[in-house]
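Undergrad:
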Amino acid sequence: MTRRLAADAAGIAEAAGALRAGRLVAFPTETVYGLGALATDDGAVARVFEAKGRPAINPLIIHFAEVEAARDFAAFDDRADALARAFWPGPLTLILPQQANSAISALATAGLGTLGVRLPAHGVAQTLLRQTGGPVAAPSANRSGRVSPTTAEHVLADLDDRIDLVLDGGPVPIGIESTVIDLSRTGQIILLRPGGVTRGEIEAVVGPLTRATAERSEPIRSPGLLLRHYAPRTPLRLNATHVNADEALLAFGPHQPEGTRIWRNLSSGGDPQEAAYNLYRALRELDAANTRCIAVMPLPETGLGEALTDRLRRAAAGGEEPPP
Ligand code: TXA
Ligand code: MG
Numbered sequence: 123m124t125r126r127l128a129a130d131a132a133g134i135a136e137a138a139g140a141l142r143a144g145r146l147v148a149f150p151t152e153t154v155y156g157l158g159a160l161a162t163d164d165g166a167v168a169r170v171f172e173a174k175g176r177p178a179i180n181p182l183i184i185h186f187a188e189v190e191a192a193r194d195f196a197a198f199d200d201r202a203d204a205l206a207r208a209f210w211p212g213p214l215t216l217i218l219p220q221q222a223n224s225a226i227s228a229l230a231t232a233g234l235g236t237l238g239v240r241l242p243a244h245g246v247a248q249t250l251l252r253q254t255g256g257p258v259a260a261p262s263a264n265r266s267g268r269v270s271p272t273t274a275e276h277v278l279a280d281l282d283d284r285i286d287l288v289l290d291g292g293p294v295p296i297g298i299e300s301t302v303i304d305l306s307r308t309g310q311i312i313l314l315r316p317g318g319v320t321r322g323e324i325e326a327v328v329g330p331l332t333r334a335t336a337e338r339s340e341p342i343r344s345p346g347l348l349l350r351h352y353a354p355r356t357p358l359r360l361n362a363t364h365v366n367a368d369e370a371l372l373a374f375g376p377h378q379p380e381g382t383r384i385w386r387n388l389s390s391g392g393d394p395q396e397a398a399y400n401l402y403r404a405l406r407e408l409d410a411a412n413t414r415c416i417a418v419m420p421l422p423e424t425g426l427g428e429a430l431t432d433r434l435r436r437a438a439a440g441g442e443e444p445p446p
């Protein structure tokens, strides 16, 4: 059994001790729950991949409490410093060149020579990281390819018995993963994954971003991007303007089509922030209804909508095939 601890002072102290001892601890961040392991401990990092069923080619984000601690492990240029000042702590991950002889487990970085660095804004995550006293590798705390968890219940639904502890800090405030920006090459800034910080907010600081696509012919920059992701078991039908009786409906905005009794509205007022907060819980609940298909209404493609539509497209790709 995975033990569930309240995210109070005693729970956080116990969780920090468990991380230092090489155990696996799920914890809340402002975006989604993470599955933490001490990033310098090969055995602990290996158990993260095992618990999630995650392919070894897909590297993990490394979490720090302070930017000064991150500098010992990753090289910051002017662009990284500017983004760190503007958005940290917060839902932005920077891919940076790894410092030589860094103590991070090579398993965690999939041997890429780069480090995904993140400073979460959630108070529980910050206290946990500070008390652990070392870098913490943490992917989202779900089975590989499945929907990210926004509550401790979601974590247990996927990982009960496979991890040691979950710190229960209640529902997370943002509900969608961090934005991932690749700064490891000079001359271009690549948006690998849209997320909690919008493209517009980032471009206001460092200028235009290049959007990565899985079809690019260059060497693979972020192996995780190639995988089907964030998917419920039920197939999705995107840009739906009507709903059939044997479908569930994922609605957005005030003009919801009639035709099914099974629906969730991400935001009846049409607010993308509210939609992000509700997205993964709504997908889990509609998936549990076991309909033939989930019809998804159109969502805005800009602002936070870029991350929402990215996740829904990934969830829809691949139909009923199991994730790799
Ligand atoms: O909000 C978040 O980012 C959450 C919380 C827990 O921090 N974490 C999260 O981790 O979403 P995960 O593993 O589910 O997604 C991380 C993504 C993956 O697509 C991975 O391939 C990419 O970031 N990534 C991590 N390190 C990388 C690196 N060195 N180079 C390129 N991509 C990297
Ligand atoms: Mg994930």
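Note that our numbering has the sequence shown beginning at 123, numbered continuously upward. Built from N, CA and C at the ideal position, the CB exists for glycine as well.
1. When DSSP labels each residue in this structure, what does Leu-430 get in the three-state scheme?
2. Cβ of Pro-261 within 7 Å of any heavy atom in ligand 2?
3. When every heavy atom of ligand 2 is checked, does at least one fall within less than 7 Å of the C-beta of Ser-300?
4. Could you tell me the alpha carbon to alpha carbon distance between Met-419 and Phe-374, rounded to whole angstroms?
5. Just to confirm, is the Cβ distance from Thr-461 to Leu-313 under 8 Å?
6. Is the Cβ-Cβ distance between Gly-297 and Ala-398 less than 8 Å?
7. Going by CA-CA distance only, name the one from Gly-309, Arg-307, Gln-310 and Gly-317 that's closest to Ser-300.
8. Round the Cβ separation of Leu-372 and Ala-437 to the nearest angstrom and send it over; I've been treating them as touching at under 8 Å.
9. Tell me which same chain residues have a C-beta within less than 6 Å of the C-beta of Ala-429, skipping the five on either side of it?
10. Please identify the residue among Gly-392, Ala-230, Lys-174 and Arg-240 whose C-alpha is closest to the C-alpha of Arg-192.
11. Run through the DSSP bridge pairs and tell me what Thr-301 is partnered with.
12. Quick one: what does DSSP say Glu-188 is sitting in, helix, strand or coil?
13. Taking Leu-417 as part of the beta strand (DSSP E), name the residues at either end of that continuous run.
14. Compute the Euclidean distance between the alpha carbons of Ala-138 and Ala-353, then round it to the nearest angstrom.
15. Just to confirm before moving on: does the CB-CB distance between Phe-198 and Leu-218 stay below 8 Å?
16. Going by beta-carbon coordinates alone, are Leu-289 and Ala-148 separated by less than 8 Å?
17. Would you say the beta carbon of Pro-295 comes nearer than 7 Å to a heavy atom of ligand 1?
TA: On the basis of the supplied data:
1. Helix.
2. Within the cutoff, so yes.
3. No, the beta carbon of Ser-300 sits no closer than 7 Å to any heavy atom of ligand 2.
4. A straight-line Cα-Cα distance of about 6 Å links Met-419 and Phe-374.
5. Any question about residue 461 goes unanswered here, given that the chain covers just 123 to 446.
6. Yes.
7. Considering only alpha carbons, the answer is Gly-317.
8. About 10 Å; that fails the 8 Å criterion.
9. Excluding sequence neighbours, Ala-429 sits near Ile-298, Pro-316 and Gly-317.
10. The question names Arg, but residue 192 in the sequence shown is Ala. Comparing Cα-Cα distances from Ala-192 to each of Gly-392, Ala-230, Lys-174 and Arg-240, the minimum goes to Arg-240.
11. Under DSSP, Thr-301 forms a beta bridge with Leu-214.
12. Glu-188 falls in the coil class under three-state DSSP.
13. Leu is not the amino acid found at residue 417; the sequence shown has Ala there. DSSP places Ala-417 in the uninterrupted beta strand (DSSP E) bounded by 415-418.
14. Taking the straight line joining both Cα atoms gives about 31 Å.
15. Yes, these two residues count as a Cβ contact at 8 Å.
16. The Cβ atoms of Leu-289 and Ala-148 sit closer than 8 Å to each other.
17. With a cutoff of 7 Å, Pro-295 does not count as near ligand 1, since its C-beta is closer than that to no heavy atom of the ligand.
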